[in-house]
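The structure appears below as structure tokens.
Protein chains: 2
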Amino acid sequence: MARKQGSHSDITGPRVRDAALRLFARHGYAAVSMRQIAGEVGLGAGALYLYTPDKQTLLFSLMHDHMQELLAEVKRDRVAGPDDPRARLEAFARFHIRFHLDRPDLVFIAYMELRNLTPENFATIEDLRRRYETRLERILRDGQTEGVFRLDDSKLTAMALIAMLTGVNTWFREGGRLDRRAVENVYCDLVLKAVGAA
Amino acid sequence: MARKQGSHSDITGPRVRDAALRLFARHGYAAVSMRQIAGEVGLGAGALYLYTPDKQTLLFSLMHDHMQELLAEVKRDRVAGPDDPRARLEAFARFHIRFHLDRPDLVFIAYMELRNLTPENFATIEDLRRRYETRLERILRDGQTEGVFRLDDSKLTAMALIAMLTGVNTWFREGGRLDRRAVENVYCDLVLKAVGAA
DNA sequence: GTCTATAAGTTGATAGAC
DNA sequence: GTCTATCAACTTATAGAC
């Protein structure tokens, strides 16, 4: 409070991020200029640097916040969720699809722009991704131990299932033949059968 | 024959394509300059335009040839392959993994650089991809009809399985814990179980 | 908080020499 | 078949006015 009148910092900042996100997702990080982002927000090119030290940080910040939220949300879901491996796997699959369909642009750049990160930034994002993958792997191992899943390799299976679930984003369009709930159901069925738990 | 001595056209052309492929895969189409490609081949920037009319055509030609070969090869595999849906599905899965692991850079740009194609070029590539997906969908429908597969939706399942199989490229490294044959086996098992045919 | 001007360098593509 | 020189436009990022 007692904030200076006419200060738009706290509204312009998010607008810059939103514009960058949309443009990066549509055209790719390297193909988008700072002028384009500024233009989208209605700013001159120079004013952008009030909201980010540089273009790389803008990309990294989008990806980092996205991965942090992914991890935080999947943990929340787990705490509130069921306990047996089969139900946990289904909850994970539904969570993954829902979270990813809610943020198509963020998901897109988090997968496509990894190579445009500096090595340090890349390592940070990769670590977050690995931690997410490990959560699924743990569910699969628990199910194996308890004898409710049958699978050859929990690490490979985790990678395979995540790739499958994330793939929804490449073709799903709102208002299409199937709604989100129906899509969730089809994919859950595939996941559970694939691990021998259907 | 009777070709002019000193003409390196037929060897330099492929070298330009190879350099472009590697650089596009590593850094992304938009981030790679024609000068970088030329430098990689040991040419001046101008000489590149003897081998491609422009940068866009270079990208499109790589993607187009890749998709054409994918379709041609999957058709050859089918002709020489088995007839019952279960064996056809397994053959498709093994073919897909093998073909994709053999061409990681081409696979990468064919998925990542779609948004850098002109609308016409994009439509052409998308059509080829759709035709490939349809081949898997047909296998699934045949298996459903014959009662050897149990699945909710052949279109969605085809998309899901292709995403899963293509995902191998994101983590597989030669000389790792599992060799290609072992990876094929794990994924085949997942695919067959997912469609209720294991 | 934002603009304009500017720096210093890069871009895709072409022209003409050899 | 290749090189060098060149074009006009564009790039990220900064400085200083307002």
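Chains as they are written, first to last, in the working numbering: chain B, -16 to 181; chain L, -16 to 181.
Using N, Cα and C, we set each Cβ at its ideal position, and we do this for glycine too.
Within-8 Å CB hit, residue i to chain L
i: glycine 22 of chain B; result: no
i: aspartate 136 of chain B; result: yes
i: alanine 13 of chain B; result: yes
i: arginine 0 of chain B; result: no
i: aspartate 172 of chain B; result: yes
i: aspartate 162 of chain B; result: no
i: alanine 143 of chain B; result: yes
i: lysine -13 of chain B; result: Reliability fails at lysine -13 of chain B, whose pLDDT of 41 lies under 50, so the model's placement of it is uncertain and the value that follows must be treated cautiously. False, the Cβ-Cβ gap to chain L never drops below 8 Å.
i: histidine 47 of chain B; result: no
i: histidine 83 of chain B; result: no
i: glycine 190 of chain B; result: Look at the range of chain B in this structure, -16 to 181, and you will see that residue 190 of chain B is not part of it.
i: methionine 95 of chain B; result: yes
i: isoleucine -6 of chain B; result: no
i: arginine 169 of chain B; result: For the record, residue 169 of chain B in the displayed sequence is valine; it is not arginine. Yes, its Cβ sits closer than 8 Å to a Cβ of chain L.
i: glycine 179 of chain B; result: yes
i: arginine 9 of chain B; result: yes
Where residue i sits in the DSSP three-state scheme
i: alanine 8 of chain B; result: helix
i: phenylalanine 129 of chain B; result: In the sequence as presented, phenylalanine is not what sits at residue 129 of chain B; that position holds glutamate. Looking at glutamate 129 of chain B - three-state DSSP - the assignment turns out to be coil, as it is neither helix nor strand.
i: phenylalanine 155 of chain B; result: coil
i: valine 178 of chain L; result: coil
i: valine 15 of chain L; result: coil
i: alanine 165 of chain B; result: helix
i: threonine 35 of chain B; result: coil
i: leucine 84 of chain B; result: helix
i: glycine 22 of chain B; result: helix
i: alanine 146 of chain B; result: helix
i: leucine 100 of chain B; result: coil
i: arginine 59 of chain L; result: helix
i: arginine 114 of chain B; result: helix
i: aspartate 1 of chain L; result: helix
i: glycine -4 of chain B; result: helix
i: valine 134 of chain B; result: In the sequence on display, residue 134 of chain B carries leucine and not valine. Here leucine 134 of chain B sits in coil by DSSP.
i: histidine -9 of chain L; result: coil
i: proline 68 of chain L; result: helix
i: arginine 77 of chain L; result: helix
i: arginine 160 of chain L; result: coil
Inter-residue spacing [alpha-carbon to alpha-carbon] between residue i and residue j
i: leucine 200 of chain L; j: valine 169 of chain B; result: A query on residue 200 of chain L cannot be resolved here, the shown segment of chain L reaching from -16 to 181 and no further.
i: alanine 93 of chain L; j: histidine 49 of chain L; result: 8 Å
i: phenylalanine 91 of chain B; j: leucine 97 of chain B; result: 10 Å
i: leucine 144 of chain L; j: leucine 148 of chain B; result: 10 Å
i: alanine 180 of chain B; j: phenylalanine 132 of chain B; result: 6 Å
i: methionine 17 of chain L; j: tyrosine 32 of chain L; result: 9 Å
i: aspartate 135 of chain L; j: proline 87 of chain B; result: 25 Å
i: lysine 176 of chain L; j: glutamate 103 of chain L; result: 39 Å
i: glutamate 167 of chain B; j: leucine 173 of chain L; result: 19 Å
i: alanine 3 of chain B; j: aspartate 125 of chain L; result: 46 Å
i: glutamate 52 of chain B; j: aspartate 66 of chain L; result: 47 Å
i: leucine 72 of chain L; j: glutamate 56 of chain L; result: 15 Å
i: arginine 156 of chain B; j: arginine 163 of chain B; result: 9 Å
i: arginine 5 of chain L; j: phenylalanine 78 of chain B; result: 36 Å
i: threonine -5 of chain L; j: alanine 30 of chain L; result: 10 Å
i: proline 36 of chain B; j: asparagine 99 of chain B; result: 17 Å
i: threonine 153 of chain B; j: aspartate 110 of chain L; result: 15 Å
i: threonine 101 of chain L; j: isoleucine 108 of chain L; result: 11 Å
i: leucine 84 of chain L; j: glycine 150 of chain L; result: 10 Å
i: alanine 165 of chain B; j: alanine 146 of chain L; result: 19 Å
i: alanine 76 of chain L; j: cysteine 171 of chain L; result: 6 Å
i: proline 68 of chain L; j: arginine 59 of chain L; result: 17 Å
Test: residue i CB closer than 8 Å to a CB of chain B
i: threonine 101 of chain L; result: no
i: leucine 4 of chain L; result: no
i: lysine 176 of chain L; result: yes
i: threonine 140 of chain L; result: yes
i: glycine 150 of chain L; result: yes
i: methionine -16 of chain L; result: Because the pLDDT at methionine -16 of chain L is just 41, under 50, the model does not fix this residue reliably, and the value given afterwards should be weighed accordingly. False, the Cβ-Cβ gap to chain B never drops below 8 Å.
i: alanine 146 of chain L; result: yes
i: histidine 188 of chain L; result: Beyond the ends of chain L as shown, which are -16 and 181, falls residue 188 of chain L; an answer cannot be given.
i: valine 166 of chain L; result: yes
i: arginine 98 of chain L; result: yes
> Do the stretch 101 to 120 of chain B and the stretch 1 to 10 of chain L meet, that is, are 3 or more Cβ pairs less than 8 Å apart?
Replying inline: The stretch 101 to 120 of chain B is not in contact with the stretch 1 to 10 of chain L.
> Does the pairing of the stretch 14 to 26 of chain L with the stretch 19 to 34 of chain B give three or more beta-carbon distances under 8 Å?
Replying inline: Pairwise C-beta distances place the stretch 14 to 26 of chain L out of contact with the stretch 19 to 34 of chain B, as fewer than three of them are shorter than 8 Å.
> Is the stretch 121 to 132 of chain L touching the stretch 39 to 59 of chain L, taking contact as three or more C-beta pairs under 8 Å?
Replying inline: Contact between the stretch 121 to 132 of chain L and the stretch 39 to 59 of chain L is absent: fewer than 3 CB-CB pairs across the two stretches fall below 8 Å.
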